[in-house]
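**Student:** The working numbering numbers the first residue of the sequence shown as 80 and each following residue consecutively.
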Amino acid sequence: MKFGIVVSEWNSDITGALFEGARNTLLHHGAHEADITTLTVPGSFELVYGAARMIKSGRFDAVIAIGCVIRGDTPHFDYICQGATQGLAQLNAEGNTPVIYGLLTCNDMEQAEMRAGGMLGNKGDECAITAIKMVDYTRRL
């Protein structure tokens with residue numbers, strides 16, 4: 080299995096921890112370093128473009144999109160979360176390569192930290208397991 084991981088640079092403390100969780104889980108389950116390609120994009124909104132480009136390359140069995148948006152004082156949070164979510168969902172609905180949703184949408188930094196290796200585990204781990212399962216699902220069709 081070949082995996083593409085696109086990671087948002089924004090909130091890099093969180094996205095870096097999510098990425099490490101995903102990468103380590105893929106390696107633990109038999110992927111080799113050469114089977115994992117990671118690229119970064121500036122923010123979570125750009126995850127859609129990054130994932131779409133990885134899919135178009137034809138090199139990956141699954142793409143994991145990792146980002147983190149934290150609510151602020153303006154509606155920016157809503158627009159970014161909605162746009163990224165709809166874009167990633169559209170890639171899944173219209174494509175043949177599974178795109179795994181690893182976008183944290185949190186009210187504050189504490190919630191993000193709890194999901195990036197804190198008390199609630201690492202959602203990056205869950206994304207990697209989902210990617211493996213979706214590649215298996217696709218191959219069984």
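Built from N, CA and C at the ideal position, the CB exists for glycine as well.
Which of the three DSSP states is assigned to Ala130 in this structure?
**Tutor:** The residue given as residue 130 occupies position 51 in the sequence shown. Three-state result, Ala130: helix.
**Student:** Is Gly197 buried or exposed, if buried means 16 or more other CB atoms sit within 10 Å of its CB?
**Tutor:** Position 118 of the sequence shown, counted from the first residue, corresponds to residue 197. That one is exposed.
**Student:** Please say whether Ile134 and Val142 have beta carbons closer to each other than 8 Å?
**Tutor:** As a working mapping, residue 142 is identified with position 63 in the sequence shown. As a working mapping, residue 134 is identified with position 55 in the sequence shown. In this structure, Ile134 lies closer than 8 Å to Val142 by Cβ.
**Student:** Counting pairs of Cβ atoms below 8 Å between the region 101-115 and the region 203-216, do you hit three or more?
**Tutor:** The region 101-115 is in contact with the region 203-216.
**Student:** If we count the other Cβ atoms within 10 Å of its Cβ and call it buried at 16 or more, is Gly166 buried or exposed?
**Tutor:** For the purposes of this step, residue 166 is identified with residue 87 of the sequence shown, where counting begins at 1. So Gly166 ends up on the buried side.
**Student:** Going along the chain, which residues of its own chain have a beta-carbon closer than 6 Å to the beta-carbon of Leu183, five neighbours each way excluded?
**Tutor:** Locating residue 183 in the sequence shown gives position 104, counting from the first residue. Excluding residues within five positions, the ones whose Cβ falls inside 6 Å are Cys147, Ala191, Arg194.
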